[in-house]
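Colleague: Here it is: the structure, laid out below.
Protein chains in written order, with the numbering used here: chain A, 472 to 804; chain B, 282 to 612.
Now the structure itself:
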């Protein structure tokens with residue numbers, strides 16, 4: 472237990488905060504602690520978690536990506552156009568197209584970062600403007616509602632009627648999310664590429680002298696976030712049943728806040744899939760709880776912003792002082 | 282040619298070369314492409330559009346120089362504008378007197394400074410990453426604004442506010458004058474004051490600055506407070522220009538301000554960069570968008586071209602670096 476607290480302090484703290492909030496919400500509202508609500512939470516958070524695990528890999532590798540959300544919008548549009556060309560397609564072709572377009576957009580970032588040694592925040596802010604500007608210019612801001620039926624049809628994987636007649640459902644986005652989370656966890660925890668990503672993020676020069684191919688690291692990290700952006704974009708369009716070019720504009724900062732809340736360090740070398748998922752869930756749970764408690768939706772952002780601000784203030788100062796045993800040699804940051 | 286470049290470098294500083302070359306390139310390209318480009322109308326539109334983006338960019342500049350980022354600039358500006366608007370409304374709206382306006386401006390500046398101070402304190406004392414701190418402040422301020430206005434507009438200001446956004450003195454628009462004044466202030470602050478020097482020190486190496494006896498916490502708090510103040514100036518100018526305040530006005534400028542700083546030769550890791558090259562870079566961006574407008578493109582294409590320009594400048598900088606290495610090897 473103590474060892475767990477030492478090595479995964481952020482994750483444990485997040486888990487404790489989430490547990491506290493859940494207990495409070497269960498007592499304060501009668502609708503929070505139900506299967507329907509829990510499944511709703513998962514369905515709603517699925518797309519953000521897919522984006523988050525993609526971004527996590529880039530953060531671990533010491534970069535940052537601002538462009539992935541608008542890249543996902545580009546993917547949605549391009550996929551819709553290609554599918555219309557080939558006459559419908561299906562989930563397999565859709566995922567293949569969306570994934571490859573996403574990887575391509577991510578690889579373009581990696582190309583600029585690695586070839587010309589520009590730091591990632593400059594590149595991705597530039598590509599953010601390029602992708603979004605060109606998307607809005609070519610589409611003229613027009614949405615696509617006429618999507619193939621397979622893309623927009625709800626797929627329910629598990630359902631159960633509750634005592635009060637409402638249905639608890641797990642939909643397709645949750646399955647895709649679980650697969651993406653598992654794949655990312657496997658990549659960064661159980662492959663040597665994953666260990667190299669951590670090493671590269673912690674100390675690029677050290678990793679280079681150690682014989683790690685740093686170009687490959689950049690392409691893998693940004694390719695991965697591109698892949699996740701592609702899949703996330705496809706799923707978001709499935710969930711919303713339409714493709715709106717500016718629907719994901721601004722999502723990048725929300726996801727970034729959640730991932731960093733989950734313990735990933737801006738600057739590389741640290742972060743875990745569990746923390747990242749918990750970070751997104753914490754924000755979703757707060758929003759969901761405020762909703763159930765009947766708080767005005769206009770106040771949501773204010774409260775969530777204040778909570779994140781308080782959380783980072785506390786997590787960076789007090790926790791270590793409150794729990795002195797955590798300041799042992801195990802924590803090197 | 283190299284002698285000329287070296288001389289230019291001595292006079293303007295090395296970081297001026299990029300923006301000035303871009304400025305000349307933009308003027309030449311659009312001047313030949315469209316006969317209407319080199320006209321008073323173009324420069325008039327640039328002069329009117331420049332200040333909003335420019336003031337926000339100045340607010341972004343100081344935190345970037347310390348190696349941070351202030352992602353809350355646009356919403357701090359909105360909140361400051363809202364505060365000024367509320368004071369005017371509470372004092373009779375259209376009939377409010379100059380005294381109420383002064384009070385509104387003072388409180389708006391106070392609100393901007395407060396938001397900056399809070400961020401500065403959190404960043405300085407907890408060493409949390411500025412991106413995260415300012416990001417949560419941005420979400421919070423946006424929430425406050427949405428909660429207070431329910432997403433609507435606040436308008437109805439006395440007539441004497443209008444000249445602040447639309448009037449001109451000696452042919453120069455008032456917002457532009459305010460902006461140039463602020464650029465001058467920032468330039469003096471960075472080049473002539475202790476705080477400016479310490480800002481560069483903190484941005485270059487915060488540990489070394491700390492051990493050299495610089496009160497790094499004080500510097501960080503002051504830098505973010507000044508950034509918040511500048512946001513408030515931008516918010517007041519935006520209020521006067523649109524004759525209304527809405528949360529979300531200027532939201533799209535957020536990442537453009539960062540882009541403008543990088544284009545102006547500011548080091549993304551902090552420690553290096555000046556106000557004047559950023560000013561030139563801002564003019565380049567506005568000229569580009571006005572020129573593209575004349576050729577029939579819209580703002581979205583201009584945004585994409587801004588992004589491409591940033592990539593181009595960084596790539597050229599890399600080639601220049603490689604060339605310098607090549608020359609050094611030959612000698």
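Glycine residues also receive a C-beta, built at the ideal position from the N, C-alpha and C atoms.
Note that the coordinates shown come from a computational prediction; the quantities given were computed from them, not determined experimentally.
1. On the three-state DSSP scale, how would you describe residue 615 of chain A?
2. Could you tell me whether the region 306 to 317 of chain B touches the region 495 to 515 of chain B, using the rule of 3 or more Cβ pairs below 8 Å?
3. Enumerated in chain order, which unbroken segments of the alpha helix (DSSP H) with a length of 4 residues or greater are wholly contained in the region 380 to 467 of chain B?
4. Along the chain, where does the alpha helix (DSSP H) containing residue 639 of chain A start, and where does it finish?
5. Hey, could you find the ends of the alpha helix (DSSP H) residue 565 of chain B is sitting in?
6. May I have the straight-line CA-CA distance separating residue 546 of chain A from residue 685 of chain A, to the nearest angstrom?
7. Note down, in chain order, every chain A residue with its Cβ under 7 Å from the Cβ of residue 412 of chain B.
8. Are the C-beta of residue 600 of chain A and some C-beta of chain B separated by less than 7 Å?
9. Indicate the three-state DSSP secondary structure (helix, strand or coil) for residue 751 of chain A in the structure shown.
10. Can you list, in chain order, the residues of the region 558 to 591 of chain A whose Cβ is nearer than 9 Å to any Cβ on chain B?
11. Would you mind sorting residue 453 of chain B into buried or exposed? The rule is 16 or more other CB atoms within 10 Å of its CB.
12. Does DSSP put residue 723 of chain A in a helix, a strand or coil?
13. Would you kindly work out how many angstroms separate the C-alpha atoms of residue 535 of chain A and residue 382 of chain B, rounded to a whole number?
14. Let me make sure I understand the geometry here. Which of A/660, A/515, A/585, A/741 has the alpha-carbon closest to that of residue 755 of chain A?
15. Using a C-beta cutoff of 7 Å, does residue 420 of chain B count as contacting chain A?
16. If residue 423 of chain B and residue 528 of chain B are in contact, beta carbons under 8 Å, what's the gap, nearest whole angstrom?
17. Give the straight-line distance between the Cα atoms of residue 485 of chain B and residue 362 of chain B, rounded to the nearest whole angstrom.
18. Hey, how far is the Cα of residue 799 of chain A from the Cα of residue 571 of chain B?
19. Could you give the first and the last residue of the continuous alpha helix (DSSP H) run that contains residue 706 of chain A?
20. Would you mind working out which of A/692, A/674, A/565 sits nearest residue 528 of chain A, comparing C-alpha positions?
21. Please classify residue 535 of chain A: does DSSP put it in a helix, a strand, or coil?
22. Quick check: the Cα distance between residue 725 of chain A and residue 752 of chain A, rounded to an integer number of angstroms?
23. So, does the CB of residue 368 of chain B fall closer than 7 Å to a CB anywhere in chain A?
24. Quick check on the DSSP output: the alpha helix (DSSP H) that includes residue 526 of chain B runs from which residue to which?
25. Could you check whether the Cβ of residue 398 of chain B sits closer than 7 Å to any Cβ belonging to chain A?
26. Taking only beta-carbon positions, decide if residue 779 of chain A is within less than 7 Å of chain B.
27. Who are the Cβ neighbours of residue 593 of chain A in its own chain at under 6 Å, not counting the five residues just before and after it?
28. So with Cβ pairs under 7 Å, would you call residue 282 of chain B a contact of chain A?
29. Helix or strand or just coil, what does DSSP make of residue 628 of chain A?
30. Closer than 6 Å by C-beta to residue 802 of chain A: which residues in its own chain qualify, once you throw out the five before and the five after it? Chain order, please.
31. Helix, strand or coil for residue 547 of chain B, going by three-state DSSP, please let me know.
32. For the region 627 to 652 of chain A, enumerate the residues whose C-beta is nearer than 9 Å to any C-beta of chain B, in chain order.
33. Would residue 540 of chain B pass as an interface residue toward chain A - the criterion being a Cβ-Cβ separation below 7 Å?
34. Anything in chain A within Cβ reach of residue 394 of chain B, meaning under 7 Å, just list it in chain order.
35. Could you work out which residue in A/768, A/643, A/745, A/761 is closest to residue 484 of chain A when comparing CA atoms only?
36. Less than 7 Å separating the beta-carbons of residue 507 of chain A and residue 634 of chain A?
Modeller: This is what the structure gives:
1. The sequence position of residue 615 of chain A within the first chain is 144, counting from 1. Strand, per DSSP.
2. no
3. 411 to 430, 443 to 447
4. In the first chain, counting from the first residue as 1, residue 639 of chain A sits at position 168. Counting along the chain, residue 639 of chain A falls outside any alpha helix (DSSP H), though it belongs to the beta strand (DSSP E) covering 638 to 642.
5. The residue labelled residue 565 of chain B in the question sits at position 284 within the second chain. 556 to 575 is the extent of the alpha helix (DSSP H) around residue 565 of chain B.
6. The residue you call residue 546 of chain A lines up with position 75 of the first chain. The residue you call residue 685 of chain A lines up with position 214 of the first chain. Whole-angstrom Cα-Cα distance: 27 Å.
7. For the purposes of this step, residue 412 of chain B is identified with residue 131 of the second chain, where counting begins at 1. Going along chain A in sequence order, the residues near residue 412 of chain B (Cβ under 7 Å) are 737.
8. Sequence index remark: in the first chain, residue 600 of chain A carries index 129 (1-based). So, interface residue.
9. Residue 751 of chain A sits at position 280 when you count from the first residue of the first chain. Residue 751 of chain A falls in the helix class under three-state DSSP.
10. 583, 586, 587, 588, 589, 590
11. Walking along the second chain from the start, residue 453 of chain B turns up at place 172. Classification of residue 453 of chain B: exposed, given that the 10 Å Cβ count is below 16.
12. Within the first chain, numbered from 1, the residue matching residue 723 of chain A stands at position 252. Helix at residue 723 of chain A.
13. Taking the first residue of the first chain as 1, we reach residue 535 of chain A at position 64. Taking the first residue of the second chain as 1, we reach residue 382 of chain B at position 101. Each residue's alpha carbon lies about 43 Å from the other.
14. Position 284 of the first chain, counted from the first residue, corresponds to residue 755 of chain A. When each option's Cα is compared against that of residue 755 of chain A, the closest is A/515.
15. Taking the second chain and counting its residues from 1, the one referred to as residue 420 of chain B is at position 139. Judged by the 7 Å Cβ criterion, residue 420 of chain B is in contact with chain A.
16. Position 142 of the second chain holds residue 423 of chain B. Position 247 of the second chain holds residue 528 of chain B. Yes, they are in contact, since the Cβ atoms of residue 423 of chain B and residue 528 of chain B sit about 6 Å apart, within 8 Å.
17. Against the second chain, residue 485 of chain B aligns to sequence position 204. Against the second chain, residue 362 of chain B aligns to sequence position 81. If I take the Cα positions, the gap works out to 34 Å.
18. Mapped onto the first chain, residue 799 of chain A falls at position 328. Mapped onto the second chain, residue 571 of chain B falls at position 290. Low confidence applies here, because residue 799 of chain A scores a pLDDT of 42, under 50, leaving its location unreliable and the question unanswered by this model.
19. Here residue 706 of chain A is taken as the residue at index 235 of the first chain, counted from 1. Its alpha helix (DSSP H) spans residues 685 to 711.
20. Taking the first chain and counting its residues from 1, the one referred to as residue 528 of chain A is at position 57. The shortest Cα separation from residue 528 of chain A among A/692, A/674, A/565 belongs to A/692.
21. As a first step, residue 535 of chain A must be located in the first chain, where it is residue number 64. The answer is coil: DSSP assigns residue 535 of chain A none of H, G, I, E or B.
22. Position 254 of the first chain, counting from 1, holds the residue named residue 725 of chain A. Position 281 of the first chain, counting from 1, holds the residue named residue 752 of chain A. Looking at the two C-alpha atoms, the distance is approximately 12 Å.
23. For the purposes of this step, residue 368 of chain B is identified with residue 87 of the second chain, where counting begins at 1. Closer than 7 Å: no.
24. Residue 526 of chain B sits at position 245 when you count from the first residue of the second chain. Per DSSP, residue 526 of chain B belongs to no alpha helix (DSSP H); it is in the beta strand (DSSP E), 525 to 527.
25. Here residue 398 of chain B is taken as the residue at index 117 of the second chain, counted from 1. Chain A contact via Cβ: absent.
26. Along the first chain, one-based indexing puts residue 779 of chain A at 308. Answer yes: the Cβ-Cβ gap between residue 779 of chain A and chain B drops below 7 Å somewhere.
27. Translated into positions along the first chain, residue 593 of chain A becomes position 122. Nothing meets the Cβ criterion.
28. Within the second chain, the letter at position 1 stands for residue 282 of chain B. Note that residue 282 of chain B has pLDDT 49, beneath the 50 cutoff, so the model's placement of it is unreliable and no number is given.
29. Counted from its first residue, the first chain places residue 628 of chain A at position 157. If DSSP states are grouped into helix, strand and coil, residue 628 of chain A belongs with the strands.
30. Indexing the first chain from 1 puts residue 802 of chain A at position 331. With a pLDDT of 40 at residue 802 of chain A, under the threshold of 50, the predicted position of this residue should be treated as unreliable, though the coordinate-derived value follows. So the list is empty, once near-sequence residues are dropped.
31. On the second chain, position 266 is the one that residue 547 of chain B refers to. Residue state, collapsed to three classes: coil.
32. none
33. Position 259 of the second chain, counted from the start, is the residue given in the question as residue 540 of chain B. It does; some Cβ of chain A falls within 7 Å.
34. To locate residue 394 of chain B, count along the second chain from 1; it is residue 113. Within chain A, no residue comes near residue 394 of chain B; the closest Cβ sits about 17 Å away, beyond 7 Å.
35. Position 13 of the first chain, counted from the first residue, corresponds to residue 484 of chain A. Taking only the C-alpha atoms, the option nearest residue 484 of chain A is A/745.
36. Along the first chain, read from residue 1 onward, the residue named residue 507 of chain A stands at position 36. Along the first chain, read from residue 1 onward, the residue named residue 634 of chain A stands at position 163. It is not a contact, given that the beta carbons lie outside the stated cut-off.
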